[in-house]
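Per the numbering used here, the sequence shown starts with residue 653, numbered consecutively.
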Amino acid sequence: MSHTPHSLAADFPESAERLHALKTSNAHFTRLFEEYHVVNRQIHRIETRVEPTCDTVEASLRLRRMMLKDEIHAGLKAAFSAPGEVNEQSDR
Numbered sequence: 653m654s655h656t657p658h659s660l661a662a663d664f665p666e667s668a669e670r671l672h673a674l675k676t677s678n679a680h681f682t683r684l685f686e687e688y689h690v691v692n693r694q695i696h697r698i699e700t701r702v703e704p705t706c707d708t709v710e711a712s713l714r715l716r717r718m719m720l721k722d723e724i725h726a727g728l729k730a731a732f733s734a735p736g737e738v739n740e741q742s743d744r
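Spelled out as structure tokens, the structure:
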């Protein structure tokens, strides 16, 4: 088991600038990023035995982190999948 925190910048290195842009411009994604960070930190504290807990709580946190990451990934794809279309709409 790895005790390395799963930062979003490390998990999506090619999208670091896009992550920042979404975080600063979209309240929904700001909330997702903040929740991901909180959950990820909790998991890291459990893994490093700073904050021991039962297996059920740890599994629940891991599932929540995965769901948040999936939602963030989907948002990245949706927001930046067709930059030409975004630019065309913003020119109108």
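Note that CB positions come from ideal geometry on N, CA and C, so glycine has one too.
Check	Outcome
Exposure label - L671; buried when at least 16 CB within 10 Å	buried
Ranges of the alpha helix (DSSP H) found wholly within the region 704-732, counting only runs of at least 4	707-732
Inter-residue Cα distance where the pair is L728 and S712	24 Å
First and last residue of the uninterrupted alpha helix (DSSP H) at H658	No alpha helix (DSSP H) contains H658, which DSSP labels as neither H nor E.
Limits of the unbroken alpha helix (DSSP H) element including E699	679-699
Segment contact, 8 Å Cβ cut-off, at least three pairs: the region 719-733 with the region 679-686	yes
With 16 other Cβ atoms within 10 Å as the buried cut-off, status of V691	buried
Sequence-distant residues of the same chain with beta carbon closer than 8 Å to E723, five excluded per side	L684
Under 9 Å between C-beta atoms of K721 and L674	no
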